[in-house]
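Note that the protein sequences, when read in sequence, are chains X and W. According to this note's numbering, the stretch in the first sequence is residues 945 to 1193, in order. According to this note's numbering, the stretch in the second sequence is residues 945 to 1193, in order. Idealized CB from N, CA, C, for every residue including glycine. Working notes, structure below.
There are 2 protein chains.
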Amino acid sequence: MAMPSAPRLTQTKCSDCPIRHRAVCAQCEPAELEDLERIKSYRTYTPGETIAWAGERLSLVGSVVQGIALLSSTLPDGRRQMVGLLFPSDFLGRPGRDTISHDVTAATQVTFCMFQKVEFERLIARTPKIQRRLLEMTFDELDAARDWMLLLGRKTAREKIASLFVIMARRDSALNSRPADQGLRFPLYITREAMADYLGLTIETVSRQISALKREGLFRLEENRVVHIADFARLLEEAGDDSDGGVLI
Amino acid sequence: MAMPSAPRLTQTKCSDCPIRHRAVCAQCEPAELEDLERIKSYRTYTPGETIAWAGERLSLVGSVVQGIALLSSTLPDGRRQMVGLLFPSDFLGRPGRDTISHDVTAATQVTFCMFQKVEFERLIARTPKIQRRLLEMTFDELDAARDWMLLLGRKTAREKIASLFVIMARRDSALNSRPADQGLRFPLYITREAMADYLGLTIETVSRQISALKREGLFRLEENRVVHIADFARLLEEAGDDSDGGVLI
DNA sequence: GCAGCAGTTTGATCCTGATCAAGGAAGGCC
DNA sequence: GGCCTTCCTTGATCAGGATCAAACTGCTGC
C-alpha cells in the first residue's frame, strides 16, 4: 500500500467524516453528533473490489468518506448499467430494508463511514432532523437519477460524453470547494468501461467520442485528467445543460 | 362530461383518498389523520393539460387520487424524456423546495389530493411517522428510477416494450388489488407518444414493436387494452426481469 | 531487457432504431 | 353525409452506435 494514502485513511478523524459536516447531520446538535460518533466504524475497499452484490442482505448503512463507489444493475445476460455514482458524502443503504437491490463496487480505493443499520434506525427514529436530512439527500439522488434518465434516453453519444465531463467537473469542484465554471483541470476517476456503463454506451464508442472531442480542441488529457477546457460554456451546451454553469450540484 | 365519472370525482371521500390509506399516512394515528384532513383539497385536470412547468414555483404538494400524470424533462431542442409515471397514491412535490424541476402533465383525467406545502411541512415537522413514510416512498421511487435507467441504457426496443407492458400490468393490478401474474387484461392508459417518451424511442418504433409482438401471438389489443397474454412468464423474460412475477410493485 | 496483461485506441463492417413519407382508423363537428 | 383533426400503422431509406478485430500504451514482474 502506498505510503502517502494509508495514514490518511487510518487516521480519519470524526472531523473529517462527511457524515458530520456535510451529509446526514449537517444541522445536528452536539448531543446528536455524539450519538452518531458512538455507532460508526470505517471500512476501506480496494479498486475493483465488490462491496455488495444485488440481493444480498446488508446490515450496514453509511456514506463515502473518500474515493468513488459505483452502483450498478445487471441483466441476466450480463449487460450492465450503472445506476449510481457515489462520491464522498454520498449515502449508501436503506433504513428499513434488509437487502440491497444493486451491485456496489469500488471504482477507486474507497472508504466508508458505516453504521449498523438497526442502530442507525433507532437513531433516526428519535432524531427527526437526521431523518429529514436523509429525505433531502434522497430527493437529490432522485433528481440526479432523473437527469440521468434524460441522458440515457435522449442524448447522442457525443452529448453523453460532454454531460459526463460536466458532471465530473462539478462533482470534483464540489469536492474541493472550488467554483465549477472554470473547469480547468479535473481527474476522470473511472475507467472507460465504467464510463460506458454510466452512459449506456460501449467502451469503443466512449473512446471514439473522447478522441473526437479532443481532436476538436475542447480539451486535452494528461494522465487521465481532463485539462484546459478551451470553452467550458461550449461543453455545457454540448451537454444540453440549460442550468447556469456556475452553480455547484 | 360523462355521467358515470363525474360523480365519482366530485364525491371523493376521505376514505377514498390514497393519502389516507395507502400513501403518506399508512400507519397514522386518528389524530394525525385529522390533521391531514384539515389541510387537504382536491383538484382535477383534463387529459393533456399541463399541471406544472419545469422551473415553476409550486406551493402545493400532494398525491394522485385517480388517473395518471406524467413527469418529463425536455432538452433545449425539444427532445423529451419521461422521468416519472404517477399512478394513484403516488406523491408529487418536494417539501423544502419551492420550484419543481420537471414538467407535469395529465395523461388521463387526473385528480390530485393536495396540501399547501408550508402547512404540509409544518405537519411533517411534528409528525415523524409521516416523514418516515415519505422517505420510504422516495426510496421506492428511486428504485423505480434506477430500474428505468437499466431499461433506457441497455434494453432493446423489443425488451423495452415488453418491460413497459409488465410494468403497466403490475401497476394496474396493484390498483385493483388483483394478483399480477395472470395479467389477462389491462389498459394502456397512455398514448404511443407517451410510451415513446417513457422508453426513449420514437412512436414509429413503439408501433412497429407492438405490431411485431402481436404478430407473434403474445397478446391482442382490444380498444387499447392488452388482452390474453398467452404466456406472461415469456413476456417477463423478454423484459429481462428476474424478479418473481407474482410480487406486486 | 522483455513477456504478459489490463486498459485503451482505431479500423471495418453490420444492424437496430431514427427519419422521412404516406396512408388508415376513429372521433368530433358542421 | 363529408370534412376535419388526432392518433396510429406501415414502408423505404439512412445513420449512429454496436460488433468484431487488431494494434497500441503503460505497468508489473522476472
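Can you tell me whether residue i is buried or exposed? The criterion is at least 16 other CB atoms within 10 Å of its CB, across all chains shown.
i	result
alanine 1177 of chain W	exposed
proline 1131 of chain W	exposed
threonine 1082 of chain W	buried
proline 962 of chain W	Because proline 962 of chain W sits at a pLDDT of 43, beneath the cut-off of 50, its placement in the model cannot be relied upon, and the following sentence gives the value as read from the coordinates. So proline 962 of chain W ends up on the buried side.
valine 1171 of chain W	exposed
serine 1107 of chain X	buried
glycine 992 of chain W	exposed
arginine 1164 of chain X	exposed
lysine 1104 of chain X	buried
arginine 1159 of chain W	exposed
valine 1150 of chain W	buried
serine 1007 of chain X	buried
valine 1062 of chain W	exposed
leucine 1015 of chain X	buried
aspartate 1175 of chain W	exposed
serine 1121 of chain X	exposed
serine 1003 of chain X	exposed
What separation, rounded to the nearest whole angstrom, lies between the Cα atoms of residue i and residue j?
i	j	result
threonine 1021 of chain X	glutamate 1080 of chain X	In the sequence on display, residue 1021 of chain X carries aspartate and not threonine. Rounded to the nearest angstrom, the two C-alpha atoms are 36 Å apart.
glycine 1184 of chain W	isoleucine 1147 of chain X	22 Å
alanine 1050 of chain W	phenylalanine 1056 of chain W	10 Å
arginine 1070 of chain W	leucine 1094 of chain X	36 Å
valine 1009 of chain W	proline 1032 of chain W	5 Å
serine 985 of chain X	aspartate 1091 of chain W	31 Å
isoleucine 1068 of chain X	glutamine 1075 of chain X	5 Å
glutamate 926 of chain W	threonine 988 of chain W	Lying before the first or after the last residue shown, residue 926 of chain W is absent from chain W, which here runs from 945 to 1193.
arginine 1024 of chain W	glutamine 1060 of chain X	42 Å
valine 1240 of chain W	glutamate 1167 of chain X	Residue coverage of chain W in this structure runs from 945 to 1193, which leaves residue 1240 of chain W outside it and unanswerable.
isoleucine 1111 of chain X	isoleucine 1173 of chain W	43 Å
leucine 980 of chain W	glycine 1037 of chain X	30 Å
glycine 1040 of chain W	phenylalanine 1109 of chain X	29 Å
glutamate 1182 of chain W	arginine 1129 of chain X	44 Å
alanine 1013 of chain X	threonine 994 of chain X	10 Å
aspartate 1087 of chain X	lysine 1099 of chain X	17 Å
leucine 1143 of chain X	leucine 1162 of chain W	32 Å
arginine 1102 of chain W	arginine 1066 of chain W	47 Å
proline 1072 of chain X	isoleucine 1134 of chain X	36 Å
leucine 1096 of chain W	glycine 1097 of chain X	5 Å
glycine 894 of chain X	arginine 982 of chain X	Only positions 945 to 1193 of chain X appear in this structure, which leaves residue 894 of chain X out of reach.
aspartate 1141 of chain W	alanine 1089 of chain W	14 Å
threonine 1052 of chain X	arginine 1169 of chain W	49 Å
methionine 1058 of chain X	valine 1054 of chain W	43 Å
methionine 1139 of chain W	leucine 1145 of chain X	22 Å
According to DSSP, simplified to helix, strand and coil, what is residue i?
i	result
aspartate 1047 of chain W	strand
aspartate 1185 of chain X	coil
isoleucine 1193 of chain W	With a pLDDT of only 32 at isoleucine 1193 of chain W, under 50, the local geometry of the prediction cannot be trusted, and no value is derived from it.
isoleucine 1012 of chain X	coil
phenylalanine 1056 of chain X	strand
glycine 1161 of chain X	coil
histidine 965 of chain W	Note on histidine 965 of chain W: pLDDT 41, under 50, position unreliable in the model; no value is reported.
glycine 1028 of chain W	strand
glycine 1037 of chain X	coil
lysine 984 of chain W	strand
isoleucine 995 of chain X	strand
glycine 1097 of chain X	helix
threonine 1135 of chain X	coil
proline 948 of chain W	Residue confidence for proline 948 of chain W is low, a pLDDT of 32 falling below 50, so the modelled location carries little weight and cannot support an answer.
alanine 970 of chain X	Note that alanine 970 of chain X has pLDDT 49, beneath the 50 cutoff, so the model's placement of it is unreliable and the number below is only indicative. Here alanine 970 of chain X sits in coil by DSSP.
aspartate 960 of chain W	In this predicted model, aspartate 960 of chain W has a pLDDT of only 43, less than 50, meaning its place in the structure is not dependable enough to derive any value.
Quick one: does the C-beta of residue i sit closer than 7 Å to a heavy atom of the ligand NAD?
i	result
arginine 1129 of chain X	This structure lacks the ligand NAD, and indeed carries no ligand of any kind.
For this session: Assess, as a yes-or-no matter, whether the segment 1036-1052 of chain X is touched by the segment 989-1003 of chain X under the definition of 3 or more beta carbon pairs within less than 8 Å.
Result: yes
Exercise. Between the segment 1001-1021 of chain X and chain W, which residues of the former have a C-beta closer than 8 Å to a C-beta of the latter?
Worked result: Leu1015, Ser1017, Leu1019, Pro1020, Asp1021
For this session: With 9 Å as the C-beta to C-beta threshold (strictly closer), list the residues of the segment 1029-1048 of chain X near chain W in chain order.
Result: Arg1038, Pro1039, Gly1040, Arg1041, Ser1045, His1046
Problem set entry | contact_flag[the segment 1112-1120 of chain X, the segment 1151-1164 of chain X] where n(CB pairs < 8 Å) is 3 or more | no
For this session: Pull out every residue of the segment 1090-1108 of chain X whose Cβ sits closer than 8 Å to any Cβ of chain W, in chain order.
Result: Arg1090, Asp1091, Trp1092, Met1093, Leu1094, Leu1096, Gly1097, Arg1098, Lys1099
For this session: Select from the segment 1055-1071 of chain X all residues with a C-beta closer than 7 Å to any C-beta belonging to chain W, and list them in chain order.
Result: For the segment 1055-1071 of chain X, which is checked against every Cβ of chain W, not one residue is closer than 7 Å.
For this session: Mind checking the segment 1076-1090 of chain W against chain X and listing, in chain order, the residues whose C-beta falls within less than 7 Å of any C-beta there?
Result: Arg1076, Leu1078, Leu1079, Glu1080, Thr1082, Phe1083, Glu1085, Leu1086, Asp1087, Ala1089, Arg1090
Exercise. What residues in the segment 1145-1166 of chain X bring their beta carbon closer than 7 Å to a beta carbon of chain W?
Worked result: Taking 7 Å as the Cβ-Cβ cut-off against chain W, none of the residues of the segment 1145-1166 of chain X qualify.
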